[in-house]
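If you use our numbering, the sequence shown corresponds to residues 26 to 382, in order.
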Amino acid sequence: MGVSSNWVIPSLSVSLCHWTQNFFLQHTQTHRSLNLAIPEKQSMDFMELIFICLGAAVVVYYGVKLLFFARMLFPKLCFPLPKTFFTSMGEWAVVTGASEGIGRAYAFALAERGMNVVIMSRTKATLDQVAKEIGETTGQTVKVIATDFTNQNVFDEIEAQLKDLNVGILVNNVGTLPSHIPCKFLEFEELDKAITNVINCNVKTMAKMCKMILPGMANRGKGLILNISSGIATIPFPLYTLYAASKVFVERFSQGLQAEYKDKGIIMQAIAPFGISTRMAGYQQTNTVTLSPEDFVKSSLLYLRAGDKTNGSVCHTFLGWLLQAIPLKVLYSEFMQHSLQDYVKKKTAQTASSSAS
26 MGVSSNWVIP SLSVSLCHWT QNFFLQHTQT HRSLNLAIPE KQSMDFMELI FICLGAAVVV
86 YYGVKLLFFA RMLFPKLCFP LPKTFFTSMG EWAVVTGASE GIGRAYAFAL AERGMNVVIM
146 SRTKATLDQV AKEIGETTGQ TVKVIATDFT NQNVFDEIEA QLKDLNVGIL VNNVGTLPSH
206 IPCKFLEFEE LDKAITNVIN CNVKTMAKMC KMILPGMANR GKGLILNISS GIATIPFPLY
266 TLYAASKVFV ERFSQGLQAE YKDKGIIMQA IAPFGISTRM AGYQQTNTVT LSPEDFVKSS
326 LLYLRAGDKT NGSVCHTFLG WLLQAIPLKV LYSEFMQHSL QDYVKKKTAQ TASSSAS
């Protein structure tokens with residue numbers, strides 16, 4: 026089904042073009058036979074052709090979107106993976122930001138699929154506990170590397186610890202918000218520090234980790250790199266400007282590398298989730314829209330062959346389309362910005378109150 030959709034759309038476009046051409050020729054011949062080919066009528070025929078072509082383009086555009094969404098509904102059918110897919114990539118998976126949330130869920134999921142796992146984050150005690158749980162649950166080997174990715178000079182030590190490992194999968198998950206309460210760019214309490222931390226953690230770390238791992242994958246002719254973006258990067262997003270911009274880099278970097286190295290057998294994908302119940306998101310109540318890290322990761326691993334960027338789930342794909350349909354003037358209004366700030370402040374206070382009790 027995934028293959029057939031690749032020729033259905035071009036065929037539809039060609040058919041529409043042929044239909045448009047025949048329609049125009051028939052009308053022209055009819056008018057000539059009736060001696061109605063006056064300049065005004067010719068001009069009308071030309072305008073009809075323009076509107077027909079525009080209509081056909083709209084049909085094709087939304088047809089492609091509907092077809093893509095239909096494919097997202099049946100990932101196992103449209104993007105099938107062999108049972109040995111993950112272990113065929115290599116012996117080890119490396120996951121950054123793996124002490125909690127999405128990173129922790131990826132580490133567990135990959136270990137459950139037969140991979141040994143390297144987990145990386147800031148707090149060693151938390152990593153040791155996660156490693157123990159993964160080992161006891163899956164029986165796989167877990168290696169811990171404690172490091173602070175907001176610092177600049179950490180990558181030589183990381184590379185030294187990874188150099189002898191056959192790394193087949195890399196998950197660049199680590200990321201940081203400049204502030205848990207959204208605010209305008211100049212309103213951060215420590216703006217210079219926020220800029221440095223976001224660039225080091227969200228941008229530089231991903232590029233440096235790819236620099237370490239990608240050469241081995243290219244030499245072996247296989248590998249999987251998942252770079253975690255955010256649904257916020259779908260559009261320019263006021264109050265999250267610095268964070269959203271860093272995640273746009275994640276997506277463009279991933280898509281560019283996929284184009285460069287797909288012929289080497291490497292899959293490179295940016296994954297842009299919306300609501301996930303994590304500490305960064307204030308541990309929101311899970312529902313149809315806000316997923317648990319485990320449910321999101323399980324879903325996202327079904328779409329590894331769905332292209333160089335996905336939202337990781339059907340619901341989040343729909344949210345991405347909906348967000349793009351909202352006029353930017355609405356999102357950019359002061360009312361919306363103040364409403365967003367008030368909402369996040371309220372949720373943060375509720376979370377703090379629940380934790381204290």
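Ideal Cβ positions, reconstructed from N, Cα and C, are used throughout, including at glycine.
When DSSP builds the beta bridges, which residues end up paired with residue i?
i, result
"N141", "W117"
"M293", "I250"
"L195", "V119, I250"
"S146", "A171"
"L389", "Since the first and last residues shown for the chain are 26 and 382, residue 389 lies out of range."
"T327", "In the sequence on display, residue 327 carries Leu and not Thr. Looking at the DSSP assignment, L327 forms no beta bridge with any residue, so it has no partner."
"L316", "I301"
Under the three-state reduction of DSSP, which class applies to residue i: helix, strand or coil?
i, result
"V322", "helix"
"T55", "Residue confidence is low: T55 scores 47 on pLDDT, short of 50, so the model does not pin down where it sits. Its coordinate-derived value is still stated next. Helix, per DSSP."
"Q362", "helix"
"Q310", "coil"
"T303", "coil"
"L61", "Bear in mind that a pLDDT of 44 at L61, under 50, signals an unreliable position, so the number given afterwards is only what the model happens to contain. L61 falls in the coil class under three-state DSSP."
"K168", "strand"
"S271", "helix"
"K334", "strand"
"L216", "helix"
"K25", "It is not possible to answer for residue 25, since the shown part of the chain is limited to 26 through 382."
"I257", "helix"
"E423", "In the structure as shown, the chain starts at 26 and stops at 382, and residue 423 therefore has no counterpart that could be examined."
"T221", "helix"
"L92", "helix"
"Q283", "helix"
"C226", "helix"
"Y265", "coil"
"L211", "helix"
"Q375", "helix"
"E73", "helix"
Going by beta carbon distance, what residues of the same chain come within less than 6 Å of residue i, once the five residues before and after it are set aside?
i, result
"N252", "N197, M231, V275, S279, A295"
"V167", "V142, A156, I159, G160"
"A243", "K289"
"A269", "I257, A258, F262"
"L282", "M293"
"V322", "A130, Y131, A134"
"K272", "S254, S255, A258"
"S338", "S324"
"L249", "M114, I194, I292"
"L190", "W117"
"K247", "M114, G290"
Over the uninterrupted alpha helix (DSSP H) stretch that includes residue i, give me the two end residues.
i, result
"G345", "339-350"
"A232", "230-245"
"F104", "Per DSSP, F104 belongs to no alpha helix (DSSP H) and is neither H nor E."
"V355", "353-357"
"L187", "180-187"
What first and last residue would you give for the beta strand (DSSP E) that runs through residue i?
i, result
"Q154", "Counting along the chain, Q154 falls outside any beta strand (DSSP E), though it belongs to the alpha helix (DSSP H) covering 149-163."
"L251", "248-253"
Please tell me whether, using a cut-off of 7 Å, the distance from the CB of residue i to the nearest non-hydrogen atom of the ligand GTP is below it.
i, result
"W117", "The model on display carries no ligand, and the ligand GTP is accordingly not part of it."
Among the residues of its own chain, which have a CB less than 7 Å from the CB of residue i, if the five just before and after it don't count?
i, result
"C340", "T313, V314"
"I170", "V143, M145, I183, Q186"
"D173", "R147, V179"
"V369", "I206, P207"
"M234", "T121, L195, N197"
"M140", "F111, T112, W117, A118, Q165, I194"
Excluding the 5 residues flanking residue i on each side, which residues of the same chain have their C-beta closer than 8 Å to its C-beta?
i, result
"N336", "G256, I296, A297, P298, F299, T342, L344, G345"
"T303", "E125, G126, I127, P318"
"T163", "F133, A136, E137"
"M237", "F180, I183, E184, L187"
"C208", "L264, Q366"
"A284", "D333"
Would residue i pass as an interface residue toward chain C - the criterion being a Cβ-Cβ separation below 8 Å?
i, result
"N198", "As a matter of chain content, chain C is missing from the structure shown, which is built from one protein chain."
Below 8 Å, can you find three or more Cβ-Cβ pairs linking the stretch 177-197 to the stretch 113-124? yes
Stretch pair the stretch 218-234 + the stretch 171-189: three plus CB contacts closer than 8 Å: yes
Contact between the stretch 357-372 and the stretch 326-336 is defined here as three or more beta-carbon pairs at a separation below 8 Å; is this criterion met? no
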